[in-house]
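**Student:** I have a structure here, written as structure tokens, and I will follow up with some questions on it.
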């Protein structure tokens, strides 16, 4: 009898811990939407890492805030306002860079902080209608059907854009001078990447909010870059790592009753640190090189 009771208790614990969360529809919906956002972000992050556009992703994730607020005020979907705001920000950054001595990183810092401040001002004017916490930090478990349809439409569009020109984008990332020399328009490729980035930011906003978007855009690609030096493999490794972080993050958030978006981002950061410690392209490789260098200096010739 004792063995049966132990077995029943064990089965009940396993069900409550790993199975029961997925019996709730809002959990399944939240996981599906967050996975789509994470996969699209992870694919795009491979190019952002190589092109050096990490700061651009950070800027867009903050600068879409006024677009979201204005979209709410005029009764249009949040994704429309966020996308327009992202494109306006990119145009302003390019205009300032070309018409002044200000460098790109400086113009990015000025524009995205100004736009973010404008969004905060607008939210403070409508404190009861707009949840700042929801916009800034996301709410995967509270995604509405309208948000879900936006992600399901914009996600494939962003994915197809980067995959359609993946060879040209790869050359642009590694050697833009050679790409221009053989007749590839680097300006058009930059515009394509900006549009894809803008769409991706809008998608990720539904899952983790404006503040944490940059983590989904940077961390998976950076982790994959430590694992492999082949770009084609990065395009597979990055989404797998991001998906793993989402699934573990959902479980941990459920167990600890923590915010899902923040937990997912934290888990992906932990995965990056573990890979960095054990990767030959990270800490382990540096320690091995240092050890060999030390031995070569101490051993007699």
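Residue numbers (the numbering used here): 205 to 505.
Don't be surprised by glycine CBs; every beta carbon is placed ideally from N, CA and C.
Cα separation between residue 235 and residue 473?
**Tutor:** Within the chain shown, numbered from 1, the residue matching residue 235 stands at position 31. Within the chain shown, numbered from 1, the residue matching residue 473 stands at position 269. Cα to Cα, the separation comes out at about 19 Å.
**Student:** Between the segment 228-244 and the segment 434-454, do three or more beta carbon pairs fall short of 8 Å?
**Tutor:** Short answer: they touch.
**Student:** Under the rule that 16 or more other beta-carbon atoms within 10 Å means buried, what is residue 221, buried or exposed?
**Tutor:** Working through the chain shown from its first residue, we reach residue 221 at position 17. So residue 221 ends up on the exposed side.
**Student:** What residue does the alpha helix (DSSP H) around residue 232 start on, and which one ends it?
**Tutor:** Along the chain shown, read from residue 1 onward, the residue named residue 232 stands at position 28. It spans 229-255 - the alpha helix (DSSP H) in which residue 232 sits, taken as one unbroken run.
**Student:** Evaluate the contact criterion for the segment 249-265 versus the segment 395-408: three or more CB pairs, one atom per stretch, below 8 Å.
**Tutor:** With a cut-off of 8 Å, the segment 395-408 and the segment 249-265 count as touching, because enough Cβ pairs lie within range.
**Student:** From the DSSP output, in three-state form, read off residue 354 for me.
**Tutor:** Walking along the chain shown from the start, residue 354 turns up at place 150. Residue 354: helix per DSSP, three-state reduction.
**Student:** Is DSSP giving residue 394 helix, strand or coil here?
**Tutor:** In the chain shown, residue 394 corresponds to position 190, counting from 1. Note: residue 394 maps to helix in three-state DSSP.
**Student:** Could you check whether residue 268 and residue 295 sit closer than 9 Å to each other, using their CB atoms as the reference points?
**Tutor:** By 1-based counting over the chain shown, the position of residue 295 is 91. By 1-based counting over the chain shown, the position of residue 268 is 64. For residue 295 and residue 268, no; Cβs fall outside 9 Å.
**Student:** Starting from residue 276, trace the alpha helix (DSSP H) in both directions and tell me its first and last residue.
**Tutor:** Here residue 276 corresponds to residue number 72 of the chain shown, with the count starting at 1. Segment 269-278, the alpha helix (DSSP H) holding residue 276.
**Student:** Rounded to whole angstroms, what's the CA-CA distance from residue 455 to residue 223? Just pull it up for me.
**Tutor:** Counting from one through the chain shown, the residue named residue 455 turns up at place 251. Counting from one through the chain shown, the residue named residue 223 turns up at place 19. So the alpha carbons of these two residues sit roughly 10 Å apart.
**Student:** Near residue 287, what residues of its chain come up, given a Cβ to Cβ distance below 6 Å and the 5 sequence neighbours on each side ignored?
**Tutor:** Start at 1 with the first residue of the chain shown, and residue 287 comes out as number 83. Closer than 6 Å at Cβ, skipping near neighbours: 402 and 406.
**Student:** In whole angstroms, give me the CA-to-CA distance for residue 442 and residue 476.
**Tutor:** Locating residue 442 in the chain shown gives position 238, where the first residue counts as 1. Locating residue 476 in the chain shown gives position 272, where the first residue counts as 1. Near 11 Å, if we compare the C-alpha coordinates of residue 476 and residue 442.
**Student:** Taking only three categories from DSSP, how would you classify residue 305?
**Tutor:** Position 101 of the chain shown, counted from the first residue, corresponds to residue 305. Here residue 305 sits in coil by DSSP.
**Student:** Can you give the beta carbon distance from residue 366 to residue 247, rounded, assuming they're within the 8 Å contact cut?
**Tutor:** Locating residue 366 in the chain shown gives position 162, where the first residue counts as 1. Locating residue 247 in the chain shown gives position 43, where the first residue counts as 1. Contact holds; Cβ gap of about 6 Å.
**Student:** Identify whether residue 384 lies in helix, strand or coil by the three-state DSSP scheme.
**Tutor:** Translated into the one-based positions of the chain shown, residue 384 becomes position 180. Here residue 384 sits in helix by DSSP.
**Student:** Under the rule that 16 or more other beta-carbon atoms within 10 Å means buried, what is residue 316, buried or exposed?
**Tutor:** Residue mapping note: residue 316 aligns to position 112 of the chain shown, counting from 1. Residue 316 comes out buried.
**Student:** What separation, rounded to the nearest whole angstrom, lies between the Cα atoms of residue 329 and residue 282?
**Tutor:** As a working mapping, residue 329 is identified with position 125 in the chain shown. As a working mapping, residue 282 is identified with position 78 in the chain shown. Roughly 18 Å between the two C-alpha positions.
**Student:** Given that a residue counts as buried once 16 or more other Cβ atoms are within 10 Å of its Cβ, and exposed if not, what is residue 484?
**Tutor:** Position 280 of the chain shown, counted from the first residue, corresponds to residue 484. Exposed, because fewer than 16 other Cβ atoms sit within 10 Å of the Cβ of residue 484.
**Student:** Taking residue 480 and residue 420 to be in contact with their CB atoms under 8 Å, please state how far apart those CB atoms are, rounded to whole angstroms.
**Tutor:** Start at 1 with the first residue of the chain shown, and residue 480 comes out as number 276. Start at 1 with the first residue of the chain shown, and residue 420 comes out as number 216. Residue 480 to residue 420, Cβ: 18 Å. No contact.
**Student:** Measure from the alpha carbon of residue 280 to the alpha carbon of each residue in 350, 327 and 264, then state which is nearest.
**Tutor:** In the chain shown, residue 280 corresponds to position 76, counting from 1. Comparing Cα positions, the closest option is 350.
**Student:** Just verifying my parser: in three-state terms, what is the DSSP assignment at residue 262?
**Tutor:** Taking the chain shown and counting its residues from 1, the one referred to as residue 262 is at position 58. Helix at residue 262.
**Student:** Whole angstroms are fine: how far does the CA of residue 298 sit from the CA of residue 265?
**Tutor:** Taking the chain shown and counting its residues from 1, the one referred to as residue 265 is at position 61. Taking the chain shown and counting its residues from 1, the one referred to as residue 298 is at position 94. Straight-line Cα distance between these residues: approximately 17 Å.
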